[in-house]
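*Asks:* Structure provided below as structure tokens; questions to follow.
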């Protein structure tokens with residue numbers, strides 16, 4: 001298991017990306033879970049420039065775990081960024097950023113081996129003549145959207161860090177990056193809420209988007225042989241709502257739901273055995289940007305109609321008004337259930353016009 005991270009800071013004290021970066025630079029915060037709601041958070045990987053082209057290709061070939069948001073504006077630059085986000089100007093990504101100090105904690109790799117873990121500043125390791133930083137989308141970015149739908153992730157409720165796991169799912173190779181596998185993050189939800197979770201996170205394609213897998217059978221297929229959901233490779237072990245008890249396999253009230261994860265590039269670096277010094281964020285300790293979710297994804301609104309269309313597998317009710325139905329769906333109390341359509345198991349409309 002990876003090193004246990006430190007607990008999140010008081011989220012309300014850091015409402016913007018800039019305030020979170022300033023606090024990280026001052027060593028005043030640790031995990032960024034829940035900080036600066038509605039601002040994008042980013043995973044970090046810093047490579048010798050000779051690997052930069054291969055890494056861009058890796059991101060292009062593996063957009064779910066490696067959605068590229070920005071990179072150093074030039075080789076060696078830690079304070080100017082080039083945006084890869086449509087509609088976001090270079091200077092709007094993170095004004096005044098210092099890549100070397102603005103993540104709360106960092107990892108350092110030398111020749112493919114981890115040599116320093118959870119350090120606060122990598123200025124001494126930065127090569128101004130050769131390093132290129134890449135910022136990768138992070139699933140922390142969609143957690144505010146989940147909360148607005150009454151689906152607040154448990155790790156944020158309990159001030160824990162999301163669990164992350166190695167998988168057996170291979171990455172598409174790119175140049176020197178071969179033999180690596182996906183890393184995933186996990187948030188448990190009741191089985192009946194999974195469709196709503198998928199709907200809420202689907203628009204956030206630059207932050208890994210909707211889940212890649214869910215359910216206990218999927219966990220056995222996705223994770224490495226013998227892997228235990230309660231023993232993640234990074235982050236903190238998942239727990240029940242009591243904040244103490246581990247998850248129990250087969251419990252449909254606590255189904256594991258997995259997303260792509262921006263720790264994947266660090267795993268790819270280790271597998272590739274790159275020469276030289278590579279830097280990355282410590283898992284759970286992101287760089288928070290000045291870019292708002294809506295700047296990239298637009299205004300994300302999940303209506304009751306959209307959610308209902310995703311409940312075919314589970315919802316067998318025919319009550320188009322939602323009477324009794326909405327009360328049974330954990331976490332959907334904030335969704336407007338008026339003017340719904342419901343489909344039956346065949347996918348046919350059972351209550352009036354449905355969206356295609």
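Numbering (full-length UniProt numbering), first residue to last: 1 to 356.
Backbone N, C-alpha and C fix where the C-beta goes; we use that ideal spot for every residue, glycine too.
Taking 7 angstroms as the cut-off, does the CB of residue 133 come closer than this to any heavy atom belonging to the ligand GTP?
*Replies:* As presented, the structure is devoid of all ligands, the ligand GTP included, so that no description of it is given.
*Asks:* Compare the Cα-Cα distances from residue 156 to each of 198, 199, 31 and report the closest residue.
*Replies:* When only C-alpha atoms are compared, the closest one is 31.
*Asks:* Pairing CB atoms from the segment 219 to 239 with CB atoms from the segment 163 to 170, are three or more of them under 8 angstroms?
*Replies:* As far as the Cβ criterion goes, the segment 219 to 239 touches the segment 163 to 170, which means the pair count is three or higher.
*Asks:* Is it buried or exposed for residue 294, if we count other Cβ within 10 angstroms and need 16 for buried?
*Replies:* The residue in question, residue 294, is exposed, as its Cβ has fewer than 16 Cβ neighbours within 10 Å.
*Asks:* Three-state secondary structure (DSSP) at residue 307?
*Replies:* Low per-residue confidence applies at residue 307: pLDDT is 42, beneath 50, and the placement is therefore not dependable, though the value from the model is reported in the following sentence. Note: residue 307 maps to helix in three-state DSSP.
*Asks:* Put residue 113 into one of helix, strand or coil per three-state DSSP.
*Replies:* It is a strand residue.
*Asks:* Between which residues of its own chain and residue 94 is the CB-CB distance below 6 angstroms, once the five residues before and five after are set aside?
*Replies:* The answer, listed in chain order, is 289, 290.
*Asks:* Compute the distance between the beta-carbons of residue 268 and residue 180, then report whether it is under 8 angstroms.
*Replies:* Cβ atoms of residue 268 and residue 180: closer than 8 angstroms.
*Asks:* Since residue 262 and residue 33 are thought to touch, with beta carbons under 8 angstroms apart, how far apart are those beta carbons, to the nearest angstrom?
*Replies:* In fact, because the Cβ distance is near 14 angstroms, the residues do not count as touching under 8 angstroms.
*Asks:* If you measure between the beta carbons of residue 142 and residue 201, is that distance less than 8 angstroms?
*Replies:* Cβ distance < 8 angstroms, so residue 142 and residue 201 count as in contact.
*Asks:* Kindly give me the distance between the Cβ atoms of residue 46 and residue 131, rounded to whole angstroms, as I take these residues to be in contact under 8 angstroms.
*Replies:* Yes, residue 46 and residue 131 are in contact; Cβ-Cβ is about 5 angstroms, under 8 angstroms.
*Asks:* Which residues share a DSSP beta bridge with residue 43?
*Replies:* The partner list for residue 43 (beta bridge, DSSP) reads 136.
*Asks:* May I ask you to report which of helix, strand or coil DSSP gives residue 93?
*Replies:* DSSP places residue 93 in coil when its eight states are reduced to three.
*Asks:* Quick check on the DSSP output: the alpha helix (DSSP H) that includes residue 70 runs from which residue to which?
*Replies:* Looking at the DSSP string, residue 70 is not in any alpha helix (DSSP H); the run it does join, the beta strand (DSSP E), is 68 to 72.
*Asks:* With 16 other CB atoms within 10 Å as the buried threshold, where does residue 29 fall?
*Replies:* By the neighbour-count rule (16 or more Cβ atoms within 10 Å), residue 29 is buried.
*Asks:* Quick check: the segment 170 to 180 against the segment 236 to 244, are there 3 or more CB pairs under 8 angstroms?
*Replies:* The segment 170 to 180, when compared against the segment 236 to 244, does not touch it at the 8 angstroms Cβ threshold.
*Asks:* Hey, out of 203, 224, 59, 16, whose CA is closest to residue 41's CA?
*Replies:* Residue 16 is the option with its Cα nearest to residue 41.
*Asks:* For the segment 151 to 224, list the alpha helix (DSSP H) runs that are entirely contained and at least 4 residues long, ordered along the chain.
*Replies:* The segment 151 to 224 contains these whole alpha helix (DSSP H) runs: 154 to 157, 194 to 201, 216 to 222.
*Asks:* Considering only the beta carbon of each residue, do residue 192 and residue 210 sit closer than 8 angstroms?
*Replies:* Not closer than 8 angstroms, so no.
*Asks:* Give me the Cα-Cα distance between residue 12 and residue 37, rounded to the nearest whole angstrom.
*Replies:* Cα to Cα, residue 12 sits roughly 9 angstroms from residue 37.
*Asks:* Below 8 angstroms CB to CB, which residues in the same chain sit around residue 73 once its five sequence neighbours on both sides are set aside?
*Replies:* Closer than 8 angstroms at the Cβ level, and outside the excluded window around residue 73, lie 80, 81, 82, 90.
*Asks:* Please classify residue 195 as buried or exposed, where buried requires at least 16 other C-beta atoms within 10 Å of its C-beta.
*Replies:* Looking at its Cβ environment, which holds 16 or more other Cβ atoms inside 10 Å, residue 195 is buried.
*Asks:* Using 8 angstroms as the threshold, is the C-beta distance between residue 24 and residue 103 below it?
*Replies:* Cβ distance < 8 angstroms, so residue 24 and residue 103 count as in contact.
*Asks:* Starting from residue 100, trace the alpha helix (DSSP H) both ways and give me its first and last residue.
*Replies:* Note, residue 100: premise wrong, no alpha helix (DSSP H); not H, not E.
*Asks:* Should residue 254 and residue 188 be called a contact, given that it needs their Cβ atoms to be closer than 8 angstroms?
*Replies:* Cβ distance < 8 angstroms, so residue 254 and residue 188 count as in contact.
*Asks:* Could you check where the beta strand (DSSP E) with residue 258 kicks off and where it finishes?
*Replies:* Here the beta strand (DSSP E) through residue 258 covers 255 to 260.
*Asks:* Could you spell out where the beta strand (DSSP E) holding residue 280 opens and where it closes?
*Replies:* Per DSSP, residue 280 belongs to the beta strand (DSSP E) from 277 to 281.
*Asks:* Using the three-state DSSP reduction, which class does residue 290 fall into: helix, strand or coil?
*Replies:* In this structure, residue 290 counts as strand in the three-state DSSP scheme.
*Asks:* Can you name the start and end residues of the beta strand (DSSP E) that residue 83 belongs to?
*Replies:* Segment 81 to 83, the beta strand (DSSP E) holding residue 83.
*Asks:* Quick one, which of 241, 98, 184 has its alpha-carbon nearest residue 65's?
*Replies:* Comparing Cα-Cα distances from residue 65 to each of 241, 98, 184, the minimum goes to 184.
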